[in-house]
Amino acid sequence: MEGLVLSEKKATVAVNKIEFLGILIDEVGIELQEHIVEKIRNFPDILKDKKHLQSFLGVVNFAGIFIKDLAKYRKDFRPFLKETESAKWKWEEIHTQRVRELKQVCNNLPKLAIPQDEDELVVYTDANDYRWAAVLMKKTTTGEEPCRYTGGLLLNNKPKCGTSTRKNSLRFGRLLRNGLCFTC
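The sequence shown runs contiguously to residue 183 in numbering that gives the first Met the number 0.
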């Protein structure tokens, strides 16, 4: 027998909504499942060490496609991620504030639109000397709906990474590499 064989236990066919790897997908769009948001909410506001921070950011990064300008919130944690064993962990109020801001943002994540072949799509990008961001938007009769966010920190972390043209090239290349442009 040739063709597709489905396991009755593992396959679901002809449904309007599916749960897949922490994402809820329906005919309108995609959203993060509540148990992922709950996991973020359950982290303490003060993180105790590098491993605790990495765990928190790992869950937050999973939600990253839903978070506009995620790098803005993550930038203050960067020194901790580079921390060596001999370096001292020095958690400050700004870090507690960023954790709280990320939790608040994750409590209000948008439902992302699913682009269709016939949709008109627009990519917006932005960058400064330290971070870059992009969003894929779907044009609608009433305006635009987000389909996906992406962004990151510029690795060299040095001011004046180049001309405006160089920044534009960097951010466009990164958004393509991070899968912002996708088709369904």
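All residues carry an ideal CB built from backbone N, CA and C; glycine is no exception.
CB contact flag (residue i, residue j, <7 Å)
{"i": "E30", "j": "K110", "result": "yes"}
{"i": "S24", "j": "I35", "result": "One point to set straight first is that residue 24 is Ile, not Ser, in the sequence displayed. No."}
{"i": "Y72", "j": "R40", "result": "no"}
{"i": "G63", "j": "L69", "result": "yes"}
{"i": "K138", "j": "E119", "result": "yes"}
{"i": "F61", "j": "L108", "result": "no"}
{"i": "T95", "j": "D44", "result": "yes"}
{"i": "F76", "j": "L101", "result": "no"}
Rounded distance between the beta-carbons of residue j and residue i, thought under 8 Å
{"i": "Y129", "j": "K67", "result": "About 17 Å; that fails the 8 Å criterion."}
Residue range of the alpha helix (DSSP H) that includes residue i
{"i": "P78", "result": "77-81"}
{"i": "K102", "result": "92-106"}
Proximal residues to residue i (C-beta, below 6 Å), its chain only, five neighbours per side dropped
{"i": "E196", "result": "Here the chain comprises residues numbered 0 to 183, so residue 196 is not present and cannot be evaluated."}
{"i": "V58", "result": "K38, I39"}
{"i": "P158", "result": "Caution applies to P158, whose pLDDT of 49 falls short of 50 and renders its modelled position unreliable; the value that the coordinates give is listed next. So the list reads D128, once near-sequence residues are dropped."}
{"i": "I93", "result": "D75"}
{"i": "G21", "result": "Q32, I35"}
8 Å CB neighbourhood of residue i in its chain, flanking five on each side removed
{"i": "T182", "result": "At T182 the pLDDT is 39, less than 50, meaning the model places this residue with poor confidence; the figure from the coordinates comes in the next sentence. Only P114, D116 meet the Cβ criterion."}
Contacting residues, own chain, Cβ-Cβ under 7 Å from residue i (five flanking each side not counted)
{"i": "N15", "result": "D25, E26"}
Terminal residues of the beta strand (DSSP E) in which residue i lies
{"i": "W131", "result": "130-139"}
**Message:** Which complete alpha helix (DSSP H) runs does the region 1-73 hold, if anything under 4 residues is left out?
**Reply:** 33-40, 49-61, 69-73, all fully within the region 1-73.
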